[in-house]
Amino acid sequence: MLKGFIVFLMLAVVVSLFSGLFFLIKDGGKTNRVVNSLAVRVTLSILLLAVILIALWQGALTLNPTP
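The sequence shown stops at residue 83 when you use the numbering used here, and every number in between is there.
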């Protein structure tokens with residue numbers, strides 16, 4: 017369940033990235049939609065990092081000890 021949520025957040029970041037590209041091409045940078053997309057992407061990335069760090073701290077995720 018946790019890994020599925022992490023994958024969902026990663027996909028949401030990618031969707032936000034491409035929506036920002038779409039808004040940049042469509043609007044030509046004249047509206048605030050690109051900035052809003054950037055804000056959403058940064059927020060999702062911070063949330064993703066927080067979820068991963070909390071999961072590592074609680075032991076729900078473990079690091080791979082072998083390369």
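A virtual CB, placed ideally from N, CA and C, is assigned to each residue, including glycine.
Between residue i and residue j, which are expected to be in contact by the criterion C-beta below 8 Å, what is the C-beta distance as a whole number of angstroms?
| i | j | result |
| --- | --- | --- |
| I22 | V56 | Actually they do not touch by this definition, with Cβ atoms about 18 Å apart. |
| L18 | L77 | 7 Å |
Determine whether the beta carbon atoms of residue i and residue j lie at a separation below 8 Å.
| i | j | result |
| --- | --- | --- |
| L63 | L25 | yes |
| L65 | V29 | no |
Can you look up residue i in the DSSP assignment and give me helix, strand or coil?
| i | result |
| --- | --- |
| A76 | coil |
| M17 | coil |
| T59 | helix |
Please determine, among the options, the residue with the shortest C-alpha to C-alpha distance to residue i.
| i | options | result |
| --- | --- | --- |
| R49 | Q74, N80, F34 | F34 |
Counting only beta-carbon atoms, is residue i nearer than 8 Å to chain D?
| i | result |
| --- | --- |
| V67 | Among the protein chains of the structure shown there is no chain D, as only one such chain exists. |
At a cut-off of 7 Å, would you count residue i as near the ligand ADP, judging by its Cβ distance to the nearest heavy atom?
| i | result |
| --- | --- |
| F39 | No copy of the ligand ADP occurs in the structure displayed, which carries no ligand at all. |
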